[in-house]
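The next block holds one structure in the form of structure tokens; read it before the comments.
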Amino acid sequence: MPAVPDQKRILERLAAAGLRPTRQRIGLSSLLFGSGHRHVTAEHLHGEALACGLRVSLATVYNALHQMTGAGMLREVVVEAGRFYFDTNTSAHHHFFHEESGLLTDVPGRAIHLEALLPPPPPGTRVKLVDVVIRLEKLPDEGQAVLQC
Ligand SMILES: [Zn+2]
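Heads up, the sequence shown is in the numbering used here, so the first residue is 9 and it goes up one at a time.
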């Protein structure tokens, strides 16, 4: 059973991020931060909010997610143009994207060491973030025979 987020902890988190604790932000924060790290799309979170009785529009969910991202509470992960997820784990890490299911998961630990492969950044700049999304597809089911004519 997921831990029920403490309302006080949610309020402190919003205050630390400089966000006013509106009813919608408190409700969405409870869904986002109530049970460990999550990767959600705005549409998925909107569906969860409606299922929990939180009356909120998809536009409001988008706005809240972008505000939380701007305040450092979330990290945005772009999988492809127009498809992005919001990650409650804001530390530097990489992702697996399961194309069939649309599931985004963390690559465990520091399994990717890219530092030695990166070109030097242009003068006057530094590498802020290297964001790797490894796209996965299912292997063909071995039980399915391939027709050979
Ligand atoms: Zn992640």
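Glycine is no exception: its CB is placed at the ideal position from the N, C-alpha and C atoms.
Below 8 Å on the Cβ atoms is my contact criterion, and I expect residue i with residue j to pass it. Report the Cβ-Cβ distance as a whole number of Å.
i, j, result
"serine 37", "leucine 22", "6 Å"
"valine 85", "aspartate 139", "7 Å"
For ligand 1, is there any heavy atom lying closer than 7 Å to the beta carbon of residue i?
i, result
"histidine 52", "no"
"aspartate 139", "no"
"histidine 106", "no"
"aspartate 149", "no"
"aspartate 114", "yes"
"histidine 74", "no"
"histidine 103", "yes"
Provide the residue span of the beta strand (DSSP E) that contains residue i, from first to last.
i, result
"histidine 106", "103-106"
"leucine 112", "111-114"
"leucine 144", "141-144"
For residue i, collect the residues of the same chain with a Cβ closer than 8 Å to its Cβ; drop the 5 residues on either side in sequence, then sort them by chain order.
i, result
"histidine 45", "Asp95, Thr96, Asn97, Asp114"
"glycine 35", "Ala57, Cys60, Leu62, Val64"
"leucine 7", "Missing from the structure shown is residue 7; the chain here goes from 9 to 157 and no further."
"leucine 53", "Leu36, Leu39, Leu40, Val69, Leu73, Phe94"
I'd like the list of long-range same chain contacts for residue i, defined as Cβ closer than 7 Å, with 5 residues on each side in sequence excluded.
i, result
"alanine 72", "Gln32, Arg33, Leu36"
"alanine 79", "Ala25, Gly26, Leu27"
"alanine 100", "Leu137"
"isoleucine 120", "His102, Val140"
What does a CB cutoff of less than 6 Å around residue i pick up in its chain, not counting 5 residues either side in sequence?
i, result
"leucine 144", "Phe104, His106"
"valine 48", "Phe94"
"methionine 81", "Ala25"
"phenylalanine 83", "Per the sequence presented here, residue 83 reads as arginine, with phenylalanine not at that position. Result list for arginine 83: Asp95, Thr98, in chain order."
"threonine 77", "Glu84"
"arginine 17", "none"
From which residue to which residue does the alpha helix (DSSP H) around residue i run?
i, result
"arginine 17", "15-24"
"threonine 98", "Counting along the chain, threonine 98 falls outside any alpha helix (DSSP H), and DSSP gives it neither H nor E."
"valine 69", "66-78"
"glutamate 84", "Where glutamate 84 is concerned, there is no enclosing alpha helix (DSSP H), although the beta strand (DSSP E) it sits in stretches over 83-88."
"glycine 132", "Per DSSP, glycine 132 belongs to no alpha helix (DSSP H) and is neither H nor E."
"histidine 52", "50-59"
>> Quick test of the definition: if touching needs 3 or more C-beta pairs under 8 Å, does the stretch 68-75 touch the stretch 102-118?
In response: no
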